[in-house]
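Chains as they are written, first to last, in the numbering used here: chain E, 1 to 198; chain X, 1001 to 1198; chain S, 2001 to 2198; chain W, 3001 to 3198; chain B, 4001 to 4198; chain L, 5001 to 5198.
Protein chains: 6
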Amino acid sequence: YRPEREKKPLVGVATGLAWTEVGGEIMFIEATKMKGKGSLVLTGSLGDIMKESAQAALSYIRSKAEDYGIDPDIFSQVDVHVHVPEGAVPKDGPSAGVAIATALLSLFTDIPVRMDVAMTGEITLRGRVLPVGGLKEKILAAKRAEIYEVILPAKNKDEVMEELPEYVREKMTLHFVDNLEEVFKIALVREPKPLKEA
Amino acid sequence: YRPEREKKPLVGVATGLAWTEVGGEIMFIEATKMKGKGSLVLTGSLGDIMKESAQAALSYIRSKAEDYGIDPDIFSQVDVHVHVPEGAVPKDGPSAGVAIATALLSLFTDIPVRMDVAMTGEITLRGRVLPVGGLKEKILAAKRAEIYEVILPAKNKDEVMEELPEYVREKMTLHFVDNLEEVFKIALVREPKPLKEA
Amino acid sequence: YRPEREKKPLVGVATGLAWTEVGGEIMFIEATKMKGKGSLVLTGSLGDIMKESAQAALSYIRSKAEDYGIDPDIFSQVDVHVHVPEGAVPKDGPSAGVAIATALLSLFTDIPVRMDVAMTGEITLRGRVLPVGGLKEKILAAKRAEIYEVILPAKNKDEVMEELPEYVREKMTLHFVDNLEEVFKIALVREPKPLKEA
Amino acid sequence: YRPEREKKPLVGVATGLAWTEVGGEIMFIEATKMKGKGSLVLTGSLGDIMKESAQAALSYIRSKAEDYGIDPDIFSQVDVHVHVPEGAVPKDGPSAGVAIATALLSLFTDIPVRMDVAMTGEITLRGRVLPVGGLKEKILAAKRAEIYEVILPAKNKDEVMEELPEYVREKMTLHFVDNLEEVFKIALVREPKPLKEA
Amino acid sequence: YRPEREKKPLVGVATGLAWTEVGGEIMFIEATKMKGKGSLVLTGSLGDIMKESAQAALSYIRSKAEDYGIDPDIFSQVDVHVHVPEGAVPKDGPSAGVAIATALLSLFTDIPVRMDVAMTGEITLRGRVLPVGGLKEKILAAKRAEIYEVILPAKNKDEVMEELPEYVREKMTLHFVDNLEEVFKIALVREPKPLKEA
Amino acid sequence: YRPEREKKPLVGVATGLAWTEVGGEIMFIEATKMKGKGSLVLTGSLGDIMKESAQAALSYIRSKAEDYGIDPDIFSQVDVHVHVPEGAVPKDGPSAGVAIATALLSLFTDIPVRMDVAMTGEITLRGRVLPVGGLKEKILAAKRAEIYEVILPAKNKDEVMEELPEYVREKMTLHFVDNLEEVFKIALVREPKPLKEA
Ligand SMILES: [Ca+2]
Ligand SMILES: [Ca+2]
Ligand SMILES: [Ca+2]
Ligand SMILES: [Ca+2]
Ligand SMILES: [Ca+2]
Ligand SMILES: [Ca+2]
Ligand SMILES: [Ca+2]
Ligand SMILES: [Ca+2]
Ligand SMILES: [Ca+2]
Ligand SMILES: [Ca+2]
Ligand SMILES: [Ca+2]
Ligand SMILES: [Ca+2]
């Protein structure tokens, strides 16, 4: 089974790129919130590194809440659930960081994420985007899923430019980014506005 | 020992389909709530993937509460217990997702679930229904339990149509679905109504 | 050491039947409550399946509290402790379900349990009684302890009728039951009355 | 190192009897309480069975609080710590039950425990005293520590009478008991009085 | 690396003595408190027995708070952290009990601990000091660190007197103690005063 | 991939030095805070010793809050997250203590940390700086990252002076420190001021 791309922008969902032994694959990151007490639930057979990635993504959004127009009180009033289908497939590694952060920002700002863009990259708590592996396979997976725009770590640019076949590169729009700000500008259908100072 | 189908629609119960080494079997998902503080208890020798499935099912219902006419405050005022008999038989995998979600929606809306319908399918946090394994064995198990209507993932349709013997297919009503909305329309005796906007 | 049967009905105690490698044995389920905050403590070297059984028994009583005349608020105001002597003997399996549920209902209604009745059977969250193993050995253990009345799962009736020697069956009163309601009617010295609707 | 008996009655301490590969030994059970929130801390390299014993002992005292003149509110206002020196020696088994219950009752009633009495026996949640092992070695250990009065399970009486050498039995006062009530009558310097009904 | 003794008395620090395969060593016990909610954090690669020791030390101080002039309410208003450098060196065993209790009493009374005294000994919940191992090596380690006054368990006196070379014993002041009261009289720069009865 | 030094001073970030099998490396410690309830999250595949280091660093800052002009109430009103990229690389050991403490003090005082200074050293709860390993490799890593000022434990001075090649030592400014006070004076762009007494 291979997931298919969604057509229309969606709130709380982002399209990541996984790299497995048998090649690349697109992978949806689903985030939802519900009235609650501030807990974070992570499901989808996620390994420790991927869970830490999700924690870092949430902390990034929480610590920058006001810059993105999010009332910081909301985080103690809801529970957040991040799920990565398919549930039985073990997943790990830090490279879903940008996609998780994007899904979470969308969830809390109610701004939809473009479903015709896929993304990969480790994030840091400051929003830096770090290089990851399997770029070629991931880009090919996006293309196979008919997603022709991909967000990638700037630090992987040389490697991508070298290894990616000419005929693929021509069909794709590749965004090389250094930080989450750049990711959000590309992936969200509009930019979040900061809360006004009282 | 083999469970027998129930005759009348029941609140908080749904009929799932398990696939074991010795064939398919029907499996009741039992959900109950009681005055409490918002905890979720999962019993029945469930493996991690099945527990994550139940968490995703509950998050789905909680995040869509108002659409289903459920006061979102209820979830912090009750404890929920999901049990899957028989208690000593280890169970795992994501395919009980649709049945767990159905039992939970019934529990919180007080709308009974049809007991003459069985179901299987992984769910995602957005309510998508993903394909699962063991379809043929599961459909045969439903038939053996005198349940002639089964809800299945749309993504499994080709496989089912190909593998299921003609004489079985003729006796069964098979519903191929893409999302939980379709499941609930078939499995609940009536549709839940959204809370009115104030 | 072999426990001996109690003579008089007791509150918060029920007589279960265990099946070990060396035959059957009676086993007391002791339940007590104390001013507290709603926690459940399970002791007696209980395995995971038996602990889940106890959780299901408590959830059953909690979710039906008003039907049994129990104020649902009580469960958050007390701590419950279920202990199964002897403390050093490992115990597991789902077959103590009916005895645990009976001890708990007695504890919260203050209605004594008959000590001249022993019982075995797995329960589900809806109060169904499912078949268990070791019936012959368990019935013989009851007889040896001078308990001549035993509650058993209806689904085990054929097996019991076939395997139990004639001279034992004649001395015993065997109750074959389908659900907890039937268990409580036999085991408690009187029936609990539901809370009146306000 | 061998602990020596204390001379004067003490609050919150009881003298248990341990049975190790190299013979019997006396063992102090120390219990203390402090302003807190109802937690129970168990230290002294205790195994799971011994920890469960301590939980059962505390539940017994809590559930009978008013019978012993203890305000039930106290248990949520203090933290309880039970420690069994020596800290580095692993200890397990259910036989310290009577000594732990005695130390706890003393702690909450402020009635001192006689230090010239040692005790052994498993307890149940209802206060029954069950038989234990190593009786001969334990009685000899008491004698060696110059403790000439020992509380033992009634169910061990035959075994003790048979195995204990005549010259030891003559020097010792052996109390064979069936329940904790009898233990407390012997071990505490005076009997606790129940709270008066308002 | 070998820690050097401090010159002046310090609040919340005590000098323990460790016994390792390569001989004895002095070891600082550092305790600090901060506005909080009553939690206890233990760091320094401490094993379970040493952690239990620290819990017992804290319980001792808490349960005797008023005798030492400490408002018992403080313990629920601060978090306590006990750390034993060096962080990467695994440490275990009960012999740091007296040093931990001393550091904690100093922390809560604000009375400095003499840094020219080292100490070793297991403690019990009642404040008894029990014998420990490695006395000779520990005393030599104190001397090597230019600490000439050492507090030791009374039960170790015979062994120390026998094994310690004459030329060492002459240079050292050895205090053999039975309980924590004696330790505090020696190690703190002044005695804590009890809270006055209201 | 090798991280590059930042140019401008940053709040909540400090430059540590890691020592791996393949040499030294600079390593950013990122700390962030967000409206919360006082929890501490540690990510970056950190081992137990490094996690304990971070706890000690936070306790140090909390216990000295007023000396650094930090309102002690803040710690129960925020959650703190410390992350050390890259997420998939296991890290352990106590030597990041000084960098973690520096990042945390910066975070709570809002005083930026100089990014042209790297640092290594174990800390104790009292703020002592203890010696660590791999000094030569770490200093070379700083130089390679174009960081020419390094803070080191005073106890490592002899070793550094002996082993570091002349041509490296000449290019570097090495600060040998005994405690965190000295670290903060060098690494923060200005000194924090204590809260005034009311
Ligand atoms: Ca797949
Ligand atoms: Ca607000
Ligand atoms: Ca079966
Ligand atoms: Ca409401
Ligand atoms: Ca037995
Ligand atoms: Ca009520
Ligand atoms: Ca000993
Ligand atoms: Ca009261
Ligand atoms: Ca050392
Ligand atoms: Ca006070
Ligand atoms: Ca690297
Ligand atoms: Ca304040």
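Don't be surprised by glycine CBs; every beta carbon is placed ideally from N, CA and C.
Q) So which residues of chain W does Q4055 of chain B contact, with C-beta pairs closer than 8 Å? A) In the fifth sequence, the residue the question calls residue 4055 of chain B occupies position 55. Ordered by position in chain W, the residues that pass the 8 Å Cβ test against Q4055 of chain B are V3041, T3043, H3081.
Q. Considering only C-alpha positions, which residue in the set X:K1157, X:I1147, X:I1049, X:T1173 is nearest to K1257 of chain X?
A. Nothing about residue 1257 of chain X can be read from this structure; chain X reaches only from 1001 to 1198.
Q.
I'd like to know if E3030 of chain W contacts chain B, where contact means its C-beta is closer than 7 Å to some C-beta of that chain.
A. Sequence index remark: in the fourth sequence, residue 3030 of chain W carries index 30 (1-based). It does; some Cβ of chain B falls within 7 Å.
(Q) Any beta carbon of chain E sitting closer than 7 Å to that of P1112 of chain X? (A) Your numbering for residue 1112 of chain X matches position 112 in the second sequence. It does not: the Cβ of P1112 of chain X has no partner Cβ on chain E nearer than 7 Å.
Q) Which term fits Q5077 of chain L, buried or exposed, when burial requires 16 or more other beta carbons within 10 angstroms of its beta carbon? A) The residue labelled residue 5077 of chain L in the question sits at position 77 within the sixth sequence. The residue is exposed, with fewer than 16 neighbouring Cβ atoms inside 10 Å.
Q: Would you please verify whether the beta carbon of G5087 of chain L is less than 7 Å from any beta carbon of chain E?
A: For the purposes of this step, residue 5087 of chain L is taken as residue 87 along the sixth sequence, with counting starting at 1. Yes, because at least one Cβ of chain E sits closer than 7 Å to the Cβ of G5087 of chain L.
Q) Within the 7 Å Cβ cut-off, does K2035 of chain S reach chain W? A) Position 35 of the third sequence, counting from 1, holds the residue named residue 2035 of chain S. Closer than 7 Å to some Cβ of chain W, the Cβ of K2035 of chain S qualifies, so yes.
Q. How many whole angstroms separate the CB atoms of V3041 of chain W and S4053 of chain B, which I take to be in contact at a CB cut-off of 8 Å?
A. Residue numbering aside, residue 3041 of chain W sits at position 41 when the fourth sequence is read from its first letter. Residue numbering aside, residue 4053 of chain B sits at position 53 when the fifth sequence is read from its first letter. With a Cβ gap of about 12 Å, V3041 of chain W and S4053 of chain B do not count as contacting.
Q: Output, in chain order, the set of chain E residues within a Cβ distance shorter than 7 Å of I1049 of chain X.
A: One-based indexing of the second sequence puts residue 1049 of chain X at position 49. Those within 7 Å of I1049 of chain X in chain E are S45, G87, A88.
Q.
Any beta carbon of chain L sitting closer than 7 Å to that of T120 of chain E?
A. What you label residue 120 of chain E is simply residue 120 of the first sequence in a count that begins at 1. Chain L contact via Cβ: absent.
Q) Are A3088 of chain W and I4049 of chain B touching if we call contact CB-CB under 7 Å? A) The residue given as residue 3088 of chain W occupies position 88 in the fourth sequence. The residue given as residue 4049 of chain B occupies position 49 in the fifth sequence. Cβ atoms of A3088 of chain W and I4049 of chain B: closer than 7 Å.
Q) In terms of alpha-carbon separation, which member of L:T5173, L:T5032, L:A5187, L:A5031 lies closest to L5140 of chain L? A) Taking the first residue of the sixth sequence as 1, we reach residue 5140 of chain L at position 140. Measuring from the Cα of L5140 of chain L, the nearest candidate turns out to be L:T5173.
Q: Counting only the same chain and skipping the five closest in sequence on each side, list residues whose C-beta sits under 7 Å from that of K4157 of chain B.
A: Residue mapping note: residue 4157 of chain B aligns to position 157 of the fifth sequence, counting from 1. Excluding residues within five positions, the ones whose Cβ falls inside 7 Å are F4176.
Q.
Tell me which residue opens and which closes the beta strand (DSSP E) that G4024 of chain B is part of.
A. On the fifth sequence, residue 4024 of chain B is found 24 positions in, with the first residue counted as 1. From DSSP, the beta strand (DSSP E) with G4024 of chain B extends over 4023-4035.
Q.
Can you list, in chain order, the residues of its chain with a C-beta nearer than 6 Å to that of A14 of chain E? Leave out the 5 residues immediately preceding and following it.
A. Start at 1 with the first residue of the first sequence, and residue 14 of chain E comes out as number 14. Around A14 of chain E: I29, A99, T102, A103, V113.
(Q) From the DSSP secondary-structure annotation, give me the bridge partner or partners of P3153 of chain W. (A) As a working mapping, residue 3153 of chain W is identified with position 153 in the fourth sequence. W:V3177, per the DSSP bridge assignment.
Q: Pick out whichever of W:A3018, W:Y3001, W:V3011, W:G3012 has its Cα sitting closest to the Cα of V3150 of chain W.
A: Start at 1 with the first residue of the fourth sequence, and residue 3150 of chain W comes out as number 150. When only C-alpha atoms are compared, the closest one is W:A3018.
Q. Is the shortest distance between the beta-carbon of L4152 of chain B and the beta-carbons of chain W less than 7 Å?
A. Here residue 4152 of chain B refers to the residue found at position 152 of the fifth sequence. No, its Cβ sits nowhere closer than 7 Å to a Cβ of chain W.
(Q) Let me see if you follow: with CB-CB separation under 7 Å, is S4106 of chain B close to chain W or not? (A) As a working note, residue 4106 of chain B is residue 106 in the fifth sequence. It does not; no Cβ of chain W falls within 7 Å.
Q | From B:A4154, B:E4004, B:L4135, B:E4182, residue whose alpha carbon lies closest to that of P4165 of chain B | A | In the fifth sequence, the residue the question calls residue 4165 of chain B occupies position 165. Here the closest residue by C-alpha is B:L4135.
(Q) Here's the rule: buried if 16 or more other CB atoms are within 10 angstroms of the residue's CB, otherwise exposed. What is E4 of chain E? (A) As a position in the first sequence, residue 4 of chain E is number 4, starting the count at 1. Exposed, by the Cβ-count rule.
Q) Can the beta-carbon of S2095 of chain S be found less than 7 Å from the beta-carbon of G2012 of chain S? A) By one-based count along the third sequence, residue 2095 of chain S stands at place 95. By one-based count along the third sequence, residue 2012 of chain S stands at place 12. Not in contact: S2095 of chain S and G2012 of chain S (Cβ atoms no closer than 7 Å).
Q) Does the beta carbon of E166 of chain E sit closer than 7 Å to a beta carbon anywhere in chain L? A) Within the first sequence, residue 166 of chain E is the residue found at index 166, counting from 1. Judged by the 7 Å Cβ criterion, E166 of chain E is not in contact with chain L.
Q.
Suppose the cutoff is 6 Å on Cβ atoms and the five residues either side in sequence are ignored; what does the same chain contact list for D5067 of chain L look like?
A. If you number the sixth sequence from 1, residue 5067 of chain L lands on position 67. Around D5067 of chain L: P5194.
Q | Best match in E:G69, E:A56, E:K35 for proximity to H5081 of chain L [C-alpha to C-alpha] | A | Here residue 5081 of chain L corresponds to residue number 81 of the sixth sequence, with the count starting at 1. When only C-alpha atoms are compared, the closest one is E:A56.
Q) Closer than 7 Å, CB to CB, is P4194 of chain B near chain W or not? A) As a working note, residue 4194 of chain B is residue 194 in the fifth sequence. Output row for P4194 of chain B: interface = no.
Q: Assign M161 of chain E to one of two classes, buried (16 or more other C-beta atoms within 10 Å of its C-beta) or exposed (fewer than that).
A: For the purposes of this step, residue 161 of chain E is identified with residue 161 of the first sequence, where counting begins at 1. When all chains shown are included, M161 of chain E counts as exposed.
Q: Can you check the segment 94-156 of chain E for any beta strand (DSSP E) of at least 3 residues that lies completely inside it and give the ranges in chain order?
A: 117-119, 149-153
Q) Would you say Y3148 of chain W reaches chain B, if we count a Cβ-Cβ gap shorter than 7 Å as a contact? A) In the fourth sequence, residue 3148 of chain W corresponds to position 148, counting from 1. Not one chain B Cβ lies under 7 Å of Y3148 of chain W.
Q: Closer than 9 Å, Cβ to Cβ, to anything on chain S: give me those residues from the segment 3063-3077 of chain W, in chain order.
A: S3063, K3064, A3065, P3072, D3073, F3075, S3076
Q) Among S:P2131, S:P2153, S:T2109, which residue has its Cα nearest to the Cα of P2072 of chain S? A) One-based indexing of the third sequence puts residue 2072 of chain S at position 72. Comparing Cα-Cα distances from P2072 of chain S to each of S:P2131, S:P2153, S:T2109, the minimum goes to S:T2109.
**Q.** Coarse secondary structure for L58 of chain E, derived from DSSP in three states
**A.** Here residue 58 of chain E is taken as the residue at index 58 of the first sequence, counted from 1. Here L58 of chain E sits in helix by DSSP.
Q: Could you tell me the distance, in whole angstroms, from the CA atom of I3026 of chain W to the CA atom of A3142 of chain W?
A: Working through the fourth sequence from its first residue, we reach residue 3026 of chain W at position 26. Working through the fourth sequence from its first residue, we reach residue 3142 of chain W at position 142. Distance between the alpha carbons of I3026 of chain W and A3142 of chain W is about 6 Å.
Q. From which residue to which residue does the beta strand (DSSP E) around V4978 of chain L run?
A. Absent from the model: residue 4978 of chain L. The displayed extent of chain L is 5001 to 5198, so no value can be given.
(Q) On the criterion of 16 or more Cβ atoms from any shown chain inside 10 Å, does P2090 of chain S qualify as buried, or is it exposed? (A) In the third sequence, residue 2090 of chain S corresponds to position 90, counting from 1. By the neighbour-count rule (16 or more Cβ atoms within 10 Å), P2090 of chain S is not buried but exposed.
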